[in-house]
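Protein chains in written order, with our numbering: chain U, 8 to 304; chain Z, 1162 to 1495.
Even for Gly, the Cβ is constructed at its ideal location relative to N, Cα and C.
Data block below; observations after.
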């Protein structure tokens, strides 16, 4: 019984890792940047959702608005900042690390702005769904309606993104712009605009992750930092440029963490994550679903 | 073509004079300034470890806070558990940190850019949790690392009002200046030239007969030795080594210091270190001015740091205090 409970919880947290990994992969594919600011973008969107819930008393109103805000924020960050960064800081020793530094700077900036507005104390993001586990006969499993909602929301996001990428012109343009930007440009695709849409999608995916996971824990400016690390590990497992890989990587990592938590102890989970990451990078650098050799940017 | 270089001995002499001047100055400042001076010295060592790694060998680390923690814990363990004198405890911390850095460096040499950044980030997140796992590491209470007052001969020389913080200032300033001297020499040796070659153009470097992987591992190892030294000094300065002394933000802080210094500019590391210490001071004064609300006090330092970081990346990639020859040498490279 414990085995199945652990598995179910792992799938629920793995779904969240998948969303975060997806957000990182979407930005990585189009800009070759690992967006460390993603955690703060997601958490800011969640704060917006929290604020709307507090005023409207309705989670279902806040959720789509938080996602919309996440998309706009992602697009703005690209438009105001990242596009500019690509033109500057091109030479010298800082050129290679400039994207990492810049996104870390953004991470700190957004988190301190959140702290200035809402303070650093823990907030409770209410949800209409019960956090109590389903009961079968006499056995209550730790998997609650909220967990089920997390898994469903992730599945919906994945289906929508998958559909867009596979069946629409926009998806084709997104794929072309990330695969061969110059040739895509020659073929008439407005690469800069398409890239901006990629940032918006990533922001939306992060916002979904923040808005569905936060009701199960607490909301603070740093509350999604660990999710960023898990999302990164999941994305690398999947190859960093594969959407399917990100999802599967997230689920595998979630289930793996859940079992480590259950059978080994909570304090080694993240160290285990580090070792998983190193081992994946050393034995299979392009990840399990990636298209090109990774490790080297 | 190049500006005149000092010989190693001349640089050593200059640093020694600077050191004596600083130590004399310490007699005229109060306790807080002594403490902050010691803090600058610790940051200086930590920042130069990043500059050596990133500026000269082209690798990035978001996990140097974790390596500092390793050095600090090893030193504190040797000091408090085995009653080794603090000099040897620091040395032991450095040895352990160097070994850890070597192991990490072997993995790191195969990674680059964001992959390396993410991997070291995962280390920085994962490592501090170990402290709770083993009883010997003291959990949240941490380990005692109080090395006490200055040794007797300094007290006899300087008088009995020689306070502990002034003693820390002396100790750490001398160590930091020694580190700067050692790194400048190292960077001008064949090791330094190899590192620069590897970071500028790995393919050309390997064609010229440089073992790229070995050079990268070596850079990571040396950098870790310095980071663990900084960690051990940091532990002494705090008097106690706890997991909360090495949060994720510490890694970001020293990286920020290196970026503000200009990642390829060792001389700038002093600017980076001073700015890192000045930011809390400055934002403290500013938040008092703004009415001292709790939200402002807690978040202003982070805001200032992030804004500085973004400003430097966008507008001053050569650091806050640019090396004058920078532009010229860049043209030469192209």
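Buried versus exposed, by CB contacts within 10 Å (16 or more), residue 289 of chain U: Numbered from 1 along the first chain, position 282 holds the residue referred to as residue 289 of chain U. Exposed, since its Cβ has fewer than 16 Cβ neighbours within 10 Å.
task: Please list the partners that residue 239 of chain U has in chain Z, where partner means a Cβ-to-Cβ separation under 8 Å.
output: Here the question's residue 239 of chain U lines up with position 232 in the first chain. Within 8 Å Cβ-Cβ: 1279, 1282, 1283.
query: Thinking C-beta only, is residue 236 of chain U closer than 9 Å to residue 1283 of chain Z?
result: On the second chain, residue 1283 of chain Z is found 122 positions in, with the first residue counted as 1. On the first chain, residue 236 of chain U is found 229 positions in, with the first residue counted as 1. Cβ distance < 9 Å, so residue 1283 of chain Z and residue 236 of chain U count as in contact.
- prompt: Listed from N- to C-terminal order along the chain, which residues in the region 1464 to 1486 of chain Z have their beta-carbon within a distance smaller than 8 Å of any beta-carbon of chain U?
  reply: 1464, 1466, 1467, 1468, 1470, 1471, 1474, 1475, 1476, 1478, 1479
query: Can you name the residues of chain Z whose CB is closer than 8 Å to the CB of residue 91 of chain U?
result: As a first step, residue 91 of chain U must be located in the first chain, where it is residue number 84. Ordered by position in chain Z, the residues that pass the 8 Å Cβ test against residue 91 of chain U are 1475.
- prompt: Beta-carbon of residue 1275 of chain Z versus every beta-carbon of chain U: anything under 9 Å?
  reply: Translated into the one-based positions of the second chain, residue 1275 of chain Z becomes position 114. It does: the Cβ of residue 1275 of chain Z has a partner Cβ on chain U nearer than 9 Å.
message: Just to check my reading of the structure: residue 212 of chain U and residue 201 of chain U have Cβ atoms closer than 8 Å, yes? What is that Cβ distance to the nearest angstrom?
response: Here residue 212 of chain U is taken as the residue at index 205 of the first chain, counted from 1. Here residue 201 of chain U is taken as the residue at index 194 of the first chain, counted from 1. Between residue 201 of chain U and residue 212 of chain U the Cβ distance is about 17 Å, and since that is not below 8 Å, they are no contact.
query: Out of U:285, U:291, U:295, which has the shortest C-alpha to C-alpha gap to residue 1269 of chain Z?
result: Counted from its first residue, the second chain places residue 1269 of chain Z at position 108. The candidate whose alpha carbon is nearest that of residue 1269 of chain Z is U:285.
Euclidean distance between Cα positions of residue 1488 of chain Z and residue 1479 of chain Z: Taking the second chain and counting its residues from 1, one reaches residue 1488 of chain Z at position 327. Taking the second chain and counting its residues from 1, one reaches residue 1479 of chain Z at position 318. For residue 1488 of chain Z, the predicted model reports a pLDDT of 48, less than 50, meaning its position is unreliable and no value from the coordinates is stated.
- request: Check each candidate in Z:1290, Z:1256, Z:1278 and name the one with the smallest Cα separation from residue 276 of chain U.
  value: Translated into the one-based positions of the first chain, residue 276 of chain U becomes position 269. Of Z:1290, Z:1256, Z:1278, the residue nearest in Cα terms is Z:1290.
task: Note down, in chain order, each residue of its chain lying with its Cβ closer than 7 Å to the Cβ of residue 304 of chain U, except the 5 sequence neighbours on either side.
output: Counting from 1 along the first chain, the entry for residue 304 of chain U is found at position 297. Because the pLDDT at residue 304 of chain U is just 44, under 50, the model does not fix this residue reliably, and the value given afterwards should be weighed accordingly. Only 39 meet the Cβ criterion.
- prompt: At a CB-CB cut-off below 9 Å, which residues of chain Z make contact with residue 95 of chain U?
  reply: The residue given as residue 95 of chain U occupies position 88 in the first chain. Within chain Z, the residues near residue 95 of chain U are 1474, 1475, 1476, 1478.
query: How big is the Cα-Cα spacing for residue 1300 of chain Z and residue 1476 of chain Z?
result: One-based indexing of the second chain puts residue 1300 of chain Z at position 139. One-based indexing of the second chain puts residue 1476 of chain Z at position 315. If I take the Cα positions, the gap works out to 43 Å.
message: Let me see if you follow: with CB-CB separation under 9 Å, is residue 106 of chain U close to chain Z or not?
response: Taking the first residue of the first chain as 1, we reach residue 106 of chain U at position 99. Taking Cβ atoms only, chain Z reaches closer than 9 Å to residue 106 of chain U, which makes this a yes.
- prompt: Out of curiosity, what's the CA-to-CA distance linking residue 302 of chain U and residue 1271 of chain Z?
  reply: As a first step, residue 302 of chain U is located in the first chain; it is residue number 295 there, counting from the start. As a first step, residue 1271 of chain Z is located in the second chain; it is residue number 110 there, counting from the start. With a pLDDT of 48 at residue 302 of chain U, under the threshold of 50, the modelled position of that residue is not reliable, and no figure is offered here.
- request: For residue 127 of chain U, go through chain Z and note every residue whose CB falls closer than 9 Å to its CB, in chain order.
  value: Translated into positions along the first chain, residue 127 of chain U becomes position 120. Simply 1455, 1456, 1459, 1460.
task: Would you list the residues sitting across from residue 1401 of chain Z in a DSSP beta bridge?
output: Position 240 of the second chain, counted from the start, is the residue given in the question as residue 1401 of chain Z. Paired residue(s): Z:1305.
Terminal residues of the alpha helix (DSSP H) in which residue 223 of chain U lies: Here residue 223 of chain U refers to the residue found at position 216 of the first chain. No alpha helix (DSSP H) contains residue 223 of chain U, which DSSP labels as neither H nor E.
field: residue 150 of chain U in three-state terms, based on DSSP
entry: As a working mapping, residue 150 of chain U is identified with position 143 in the first chain. Looking at residue 150 of chain U - three-state DSSP - the assignment turns out to be coil, as it is neither helix nor strand.
message: Taking contact to mean 3 or more Cβ pairs, one atom from each stretch, closer than 8 Å, check whether the region 1362 to 1369 of chain Z and the region 1221 to 1231 of chain Z are in contact.
response: no
- request: Let me know if residue 8 of chain U comes out buried or exposed under the rule of 16 or more other beta-carbons within 10 Å of its beta-carbon.
  value: As a working mapping, residue 8 of chain U is identified with position 1 in the first chain. Per the 10 Å Cβ criterion, exposed.
query: Quick one, are the C-beta atoms of residue 225 of chain U and residue 18 of chain U less than 9 Å apart?
result: In the first chain, the residue the question calls residue 225 of chain U occupies position 218. In the first chain, the residue the question calls residue 18 of chain U occupies position 11. Going by C-beta atoms, residue 225 of chain U is not nearer than 9 Å to residue 18 of chain U.
task: Reducing DSSP to helix, strand and coil, say where residue 175 of chain U ends up.
output: Numbered from 1 along the first chain, position 168 holds the residue referred to as residue 175 of chain U. Coil, per DSSP.
- prompt: Do residue 1258 of chain Z and residue 1351 of chain Z come within 9 Å of each other at the CB atom, strictly closer than that value?
  reply: Numbered from its first residue, the second chain carries residue 1351 of chain Z at position 190. Numbered from its first residue, the second chain carries residue 1258 of chain Z at position 97. Taking 9 Å as the Cβ cut-off, residue 1351 of chain Z and residue 1258 of chain Z do not qualify as a contacting pair.
task: Take every Cβ of the region 256 to 263 of chain U, pair it with every Cβ of the region 65 to 85 of chain U, and state whether three or more of those distances are shorter than 8 Å.
output: no
query: Is the Cβ-Cβ distance between residue 1392 of chain Z and residue 1232 of chain Z less than 9 Å?
result: By 1-based counting over the second chain, the position of residue 1392 of chain Z is 231. By 1-based counting over the second chain, the position of residue 1232 of chain Z is 71. Cβ distance < 9 Å, so residue 1392 of chain Z and residue 1232 of chain Z count as in contact.
field: Exposure label - residue 1329 of chain Z; buried when at least 16 CB within 10 Å
entry: Counted from its first residue, the second chain places residue 1329 of chain Z at position 168. Buried.
query: Can at least three beta-carbon pairs, one atom from the region 1210 to 1221 of chain Z and one from the region 1422 to 1429 of chain Z, be found at a separation below 8 Å?
result: yes
task: Identify every run of the beta strand (DSSP E) within the region 46 to 98 of chain U, keeping only runs that are complete inside it and at least 3 residues long; order them along the chain.
output: none
Residues of the region 67 to 85 of chain U with Cβ closer than 7 Å to any Cβ of chain Z, in chain order: none
- prompt: Since residue 103 of chain U meets chain Z, which of its residues come closer than 7 Å, beta carbon to beta carbon?
  reply: For the purposes of this step, residue 103 of chain U is identified with residue 96 of the first chain, where counting begins at 1. Result: 1219, 1274.
- request: Could you list the residues in the region 1393 to 1425 of chain Z with a C-beta less than 9 Å from some C-beta on chain U, going in chain order?
  value: 1409, 1410, 1413, 1416, 1417, 1420, 1423, 1424, 1425
Simplified DSSP state of residue 1394 of chain Z, which is helix, strand or coil: Here the question's residue 1394 of chain Z lines up with position 233 in the second chain. Three-state result, residue 1394 of chain Z: helix.
- prompt: Could you give the distance in angstroms between the alpha-carbon of residue 156 of chain U and the alpha-carbon of residue 219 of chain U?
  reply: Locating residue 156 of chain U in the first chain gives position 149, counting from the first residue. Locating residue 219 of chain U in the first chain gives position 212, counting from the first residue. Distance between the alpha carbons of residue 156 of chain U and residue 219 of chain U: 8 Å.
message: Could you give the first and the last residue of the continuous alpha helix (DSSP H) run that contains residue 1204 of chain Z?
response: Along the second chain, read from residue 1 onward, the residue named residue 1204 of chain Z stands at position 43. Run containing residue 1204 of chain Z: 1192 to 1211, per the alpha helix (DSSP H) assignment.
- prompt: Which one of Z:1348, Z:1412, Z:1399, Z:1373 has the shortest CA to CA distance from residue 1383 of chain Z?
  reply: Here residue 1383 of chain Z refers to the residue found at position 222 of the second chain. Of Z:1348, Z:1412, Z:1399, Z:1373, the residue nearest in Cα terms is Z:1348.
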